[in-house]
Amino acid sequence: MRDNIDGHFLLIGLMAYPIRHSLSPQMQNTIYSKLNVPYVYLAFEVDQEKLPDAIKGLRALGLRGSAVSMPNKQLVCQYLDKLTPAVEMSGACNTISNDNGVLTGYNTDGIGYMRMLKEAGVDVIGKKMTIMGAGGAATAIVVQAALDGVKEIAIFNQKDECYQKIEAVAKKLNQNTQCKVYVTDLDDKEQLRKEIAESVVLCNATGVGMKPLEGQSLITDPTMLRADLVVTDCIYSPRKTKLLEIAEQQGCKILNGIGMMLWQGAAQIKIWTGEEAPIEYVKEKMR
Ligand code: NAD
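Residue numbers 3 to 289, in my numbering, belong to the letters of the sequence shown in order.
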């Protein structure tokens, strides 16, 4: 692939710290090769201190865009020219598009989750979902779900620093969308049972189920899950978390975090290159 890089190729970055472990460069470059499009994707170690200069550099060098990850997802918003409604509401951006010098901030995590549901034939529009978690992943999902037309979202989280933040996001969504969003303490298991019973989708967007909490599940009583509930987990390693195991035994349709990850990457590729990502090919590569 490197042999054919000529003067017309455009650079797409990934700005985060730490970042050397990321699988994104390999995944993105494999897709560009497959699509035969003139882009190269490189990871740059950019922390919060370096971020302002990195954005100036992106503009000066004319990068096509950049992915943004921790610790820059919130901070980067102030350096961009335009933000999508999802970024305005969530306060977090994971994708920059540079269109002739105008930088637009997107958040493709929520887009990826909603696309994953759609591709799996799950219709949650106009219906209710329950989500456990209030961090970056949960916020992106809740915001996109509300913007896409989910009718009601019950959020459960432990009373940590994320709780207050998602309460503020819920308030914005209640004021600016048709969706009814409310936040409850995760300790209130009876309320959790009630909300799940009224939902078509349950989502785990906490780290419970992956290392160091692998083998654990926030739902331990299988009777909280019924067979026609769709249970999703943002976690992709392991592929089947304890929650998904319990849900599968109850006869639920289960979806792990791979779909969300692939479709959020596909949304980035669409933004940067205008192309549809070859998802089946990528899935095969990721086995
Ligand atoms: P985060 O640190 O922003 O949020 C962590 C969340 O987990 C918070 O809501 C926190 O309250 C909750 N939590 C942590 N420990 C808990 C415990 N012991 N009991 C109950 N709740 C607990 O992290 P994030 O970026 O939102 O990521 C959350 C999960 O989603 C991770 O597993 C991550 O790997 C996954 N994720 C997947 C994708 C994807 O594309 N599939 C994308 C982003 C994140």
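Even for Gly, the Cβ is constructed at its ideal location relative to N, Cα and C.
Just so we're clear, the structure is a prediction, and the values are computed from it rather than from any experiment.
Between S99 and the set E282, T110, K161 and I221, the nearest pair of CA atoms involves T110.
For V39, the closest C-alpha among the options Q50, S68 and N6 is that of N6. For V210, the Cβ falls inside the 7 angstroms cut-off from some heavy atom of the ligand NAD. Counting C-beta pairs with one atom in each stretch, the segment 29-37 and the segment 279-287 have three or more that are closer than 8 angstroms, which means they touch. In the DSSP assignment, N159 falls within the unbroken beta strand (DSSP E) covering E154 to N159.
As summarised for the segment 217-276, the continuous beta strand (DSSP E) elements at least 3 residues long and confined to that stretch are 232-235 and 255-257, given in chain order.
In this structure, M131 places its C-beta atom within 8 angstroms of the C-beta atom of V203. When C-beta atoms of the segment 196-212 are compared with those of the segment 165-179, fewer than three pairs fall below 8 angstroms, so the two segments do not count as touching. Contact check for A136 against K167 passes: the beta carbons are separated by less than 8 angstroms.
Scanning D230, A268 and G112 for the CA closest to the CA of P87 turns up G112. At a cut-off of 7 angstroms, the beta-carbon of N74 does not count as near the ligand NAD: no heavy atom of the ligand is closer than that. For the segment 172-220, the full-length beta strand (DSSP E) segments reaching 3 residues or more read 182-187 and 203-206 along the chain. In this structure, Q160 is the residue among Y165, Q160, L215 and A229 with its C-alpha nearest to the C-alpha of D189. Spatial neighbours of A122 in its own chain (CB-CB distance under 6 angstroms, excluding positions within 5 residues in sequence) are listed in chain order as L257. For N100, the uninterrupted beta strand (DSSP E) run begins and ends at T97 to D101, by DSSP.
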